[in-house]
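K.L.:
Protein chains in written order, with my numbering: chain A, 767 to 1114; chain B, -8 to 428.
C-beta atoms are modelled at their ideal positions from N, C-alpha and C, and glycine is treated no differently.
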Amino acid sequence: MRKQNIILAMAATCALAGVAHAQSARDYISIVGSSTVYPFSTTVAEHFGKANSKFKTPKVESTGTGGGLKLFCGGVGVQYPDMTNASRKIKSSEVENCAKNGVKEIVEVKIGYDGIVVASSKKTKPMSLTRKDLWLALAKEIPEPGTGKLVANPLKTWKDVNPELPAQKIEVLGPPPTSGTRDAFVELVMDEGCKDFPAIKDLAKSDDKKAKAACGAIREDGAYIEAGENDNLIVNKLVSNLNALGIFGFSFLDENLDKIQGETIDGVPPNFENIASGKYPVSRPLFFYVKKAHVAVIPGMKEYIAEFTSEKAAGNEGYLADKGLIPLPPAERKQVAADANSLKTMTP
Amino acid sequence: MNKSDDSAATPPRRDIKALVNAGLKRRHAAERRFRWYGLTAISLGLAFVVLMFANIIGKGYPAFWQTYIELPITFDAAVIDPAGTRDPETLANADYAALIRASLRGLFPQVEGRRDLRALYGLISSNAPHRLRGEILADPALIGTTQVIQVLASAEVDTLVKGNINRALDESLRPISDQEIAWIDQLTADGRLTKRFNTILFSNGDSREPEQAGIRGALMGSFYTLLITFLLSFPIGVASAVYLEEFAPKNRWTDLIEVNINNLAAVPSIVFGLLGLAVFINFFGLPRSAPLVGGLVLSLMTLPVIIIAGRAALTSVPPSIREAALGMGASKLQMVSHHVLPLAMPGMLTGSIIGMARALGESAPLLMIGMVAFIVDVPRGFTDPATVLPVQIYLWADLPERAFVERTSAAIMVLLGFMILMNGLAIVLRKRFERRW
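(1) Once the 5 residues before and after residue 920(A) are set aside, which same chain residues still bring their CB inside 6 Å of it?
(2) Please state whether the Cβ-Cβ distance between residue 171(B) and residue 113(B) is less than 9 Å.
(3) How is the alpha helix (DSSP H) around residue 851(A) delimited, first residue to last?
(4) Would you identify the three-state DSSP class for residue 1038(A), choosing helix, strand or coil?
(5) Can you confirm whether residue 880(A), when its beta carbon is compared against all beta carbons of chain B, has any partner nearer than 9 Å?
(6) Leaving out five residues before and five after residue 901(A) in sequence, what residues of the same chain have Cβ atoms less than 6 Å from its Cβ?
(7) For the beta strand (DSSP E) containing residue 1055(A), list its first residue and its last residue.
(8) Does the segment 931 to 940 of chain A come close enough to the segment 996 to 1015 of chain A to have 3 or more Cβ pairs within less than 8 Å?
(9) Could you work out which residues of chain A lie near residue 364(B), taking near to mean beta carbons separated by less than 8 Å?
(10) Which of the three DSSP states is assigned to residue 879(A) in this structure?
(11) Helix, strand or coil for residue 296(B), going by three-state DSSP, please let me know.
(12) Which bits of chain B does residue 1017(A) rub up against, with CB to CB less than 8 Å?
(13) So residue 160(B) contacts chain E; which residues on that side make the cut at Cβ distance below 8 Å?
(14) Could you tell me if the beta carbon of residue 37(B) falls within a distance shorter than 8 Å of some heavy atom in the ligand ZN?
(15) Go through the segment 131 to 203 of chain B residue by residue and report every complete run of the alpha helix (DSSP H) that reaches 4 residues or more, in order.
(16) For residue 361(B), go through chain A and note every residue whose CB falls closer than 7 Å to its CB, in chain order.
(17) Suppose the cutoff is 6 Å on Cβ atoms and the five residues either side in sequence are ignored; what does the same chain contact list for residue 1049(A) look like?
(18) Which residues in the same chain as residue 891(A) place their Cβ atom closer than 8 Å to its Cβ, once the five residues preceding and following it in sequence are excluded?
(19) What span of residues does the beta strand (DSSP E) with residue 61(B) cover, start to end?
(20) With DSSP collapsed to three states, give me the class of residue 943(A).
(21) Of all the CB atoms in chain A, is at least one closer than 9 Å to the CB of residue 368(B)?
(22) Is the segment 91 to 99 of chain B touching the segment 148 to 161 of chain B, taking contact as three or more C-beta pairs under 8 Å?
(23) Output, in chain order, the set of chain A residues within a Cβ distance shorter than 8 Å of residue 256(B).
(24) Consider the Cβ of residue 1050(A): report whether some Cβ of chain B lies at a distance smaller than 9 Å.
(25) Name the chain B residues that come within less than 9 Å of residue 811(A), Cβ to Cβ?
(26) DSSP three-state label for residue 16(B), please.
(27) Does residue 163(B) have its Cβ less than 9 Å from a Cβ in chain A?
(28) Whose CA, out of 989(A), 883(A), 851(A) and 1085(A), lies closest to the CA of residue 1023(A)?
(29) What separation, rounded to the nearest whole angstrom, lies between the Cα atoms of residue 1095(A) and residue 846(A)?
(30) Enumerate in chain order the residues of its own chain whose CB-to-CB distance from residue 414(B) is below 8 Å, with the five nearest sequence positions on each side excluded.
(31) So what does DSSP say about residue 399(B), is it helix, strand or coil?
(32) Go ahead and pull the three-state DSSP assignment for residue 787(A).
(33) Measure the C-alpha to C-alpha separation of residue 1102(A) and residue 226(B) and round it to an integer number of angstroms.
(34) Check the Cβ of residue 805(A) against every Cβ in chain B and list those closer than 8 Å, keeping chain order.
(35) List the whole-angstrom C-beta distance separating residue 212(B) from residue 377(B), where the pair is believed to meet the contact cut-off of C-beta under 8 Å.
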């Protein structure tokens, strides 16, 4: 029966190609987006589904921040997702793309922070790094000591970077360019680490874009290894390769403290308290975005937002903190919850 | 041939023998060497397989057991049903977590303070209240009595009991504190900890709590997806193979089609995913994440495999059978459907099963059509959102919680089990029904 219906439906859509979509109303929330927010979003979805027997458990897809926003901005209608998770703020180009497809009212909800850590095996001596060290070790081109001209990065060991660091080969495992973690790492570490070099400063005066590119370019000569989006894989590689450092989200460090250690950055060790207080320099906010036009159509969206912003989820002792999310400061949390529950849209 | 010339060119018989004997040792050695190479290659391959299985089974088998904690639960009427109406609505919405908390406080009266109590309650999985609700709804007469009930332990307790947390480490480096270990040790000493077969793994959908996560949702998703794949690709594949092999004229067009089919069989599967996204979802407007679309995409991928296997099976039927049938006055269609197809069927089925096994293990094309998703509810039809086994493995492998490691391996074991079953079935079919001429 069902198959027949489907074949009929396909025939009908063939006839009406592009005019009408043969999709029935959806009775569950569809969420897409960042793989970093995925562990938190799914936890809320599950709690929401269990607490409200009226609603079905939302479907959460892990598509990456960029992919999620692209789907989200596809248009208004049940075939498009209702919410998207993002490990960075929505870009103005994405807002424009959304508006072009009729998605004009977007509610932004900030859910907390995620620290990005540089970690190594527990069996090695911990290093104390600065963002300048990390930039020198990982940038594609760095200023030559004498002339200050940008040359292909010749540094081979950490000792070359900074005489206080061990004479250990530079080998860093990190996310590929498609990842939101990589974007955040470039923004928070590379862009900050390069700022004080005169060569970059000069470049910035003449050509801002070029300077930005020089800061953010990561070397491709084998010192930085793109290890895919799977953070567990990087953790396992660190355990077997004592020379390597790895870049990933704080929750993976938190869960594997018996095997790996986080390096201090600019003198601050990566732990829950330091990230929450903002002392640890490499942390980024996490968001989800809601399509306001869908709230009246898809059942349960308001309740899901209420669950995500509630104290029992996003609070200091909420279940998301148990999963490794760093909560917002209490005052900001209250504000965000109030704005989200009243569906305050973003101002362009 | 000139006989005298021939005898003049060949050296005397004894010389040949000497010549052969001289080279014999070298030839024997070469053969021994070659056998040795082969043996090494096979044992190396086997060693890798054994290593992989040992690794997966070693990591995965503890996941089939699950720790439970026996708690004496007092079904306090004041908590569950203060009005005494026994109204199912009231019973369903009662605060069952409070009963568990009361029971734990009874067992550990010395624990005080909000923080410590929170840690104590954390020993029990968050699904325990649902279980108590189930008990009460099934038998409201339990209200007012005290029962010993086995509730699910949390993932941390389970991991510790299975020995996957090193107790010797410093407290700050473990996911579980000294105090919690002391509580667990006391529970163990009291005989309240039991390990039971992990039925949850097979009865639940996905969950973010490792102890509540199961593969049933993924298994059902795989089932629906493969059903669609089989229903579409087998008839179409067999029909195309029969037409191309038995009826189609041999010309440039059919050659072109053949080349294309062979090419399609080698196209990376992600390409089919992109095609599925563009055609089935964006153009036809079929729902995202549905087994229906997954099955459509996978049948595109499986079709060339089935067609190629089917054509090979048809060519292996000897022409004498066709000639005999035609000679007896059968039409071409009768010849094919009565004689050739039945004889080729075992080979075709074998090919299809191997194609289906490949489809079962596929995850890349499903990423594009939204089946890489967190889905708690077990799918109940072809259009419900669903995920499949390999995707479930991929998703679990990416989660930070330690307890998901063993569950990932357990899911791999189940997937491998199905693969072995399907490939075994293919071998049985071939052995039992295939005829060789």
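P.N.:
This is what the structure gives:
(1) none
(2) yes
(3) Not the alpha helix (DSSP H): residue 851(A) falls in the beta strand (DSSP E), residues 849 to 852.
(4) helix
(5) no
(6) 956, 959 and 960
(7) 1049 to 1057
(8) yes
(9) 825, 826, 827 and 828
(10) strand
(11) helix
(12) 391
(13) Protein chains in the displayed structure are A and B, and chain E is not among them.
(14) This structure does not include the ligand ZN; it has no bound ligands of any sort.
(15) 146 to 152, 169 to 180 and 191 to 194
(16) 827
(17) 879, 881 and 1041
(18) 932
(19) 56 to 65
(20) coil
(21) yes
(22) no
(23) None at all; the shortest Cβ gap to chain A is about 25 Å.
(24) no
(25) 199, 365 and 367
(26) helix
(27) yes
(28) 883(A)
(29) 33 Å
(30) 344, 345 and 348
(31) helix
(32) In this prediction, residue 787(A) has a pLDDT of 41, which is less than 50 and means its spatial position is unreliable; nothing more can be read from the coordinates.
(33) 56 Å
(34) 199, 390 and 391
(35) 3 Å
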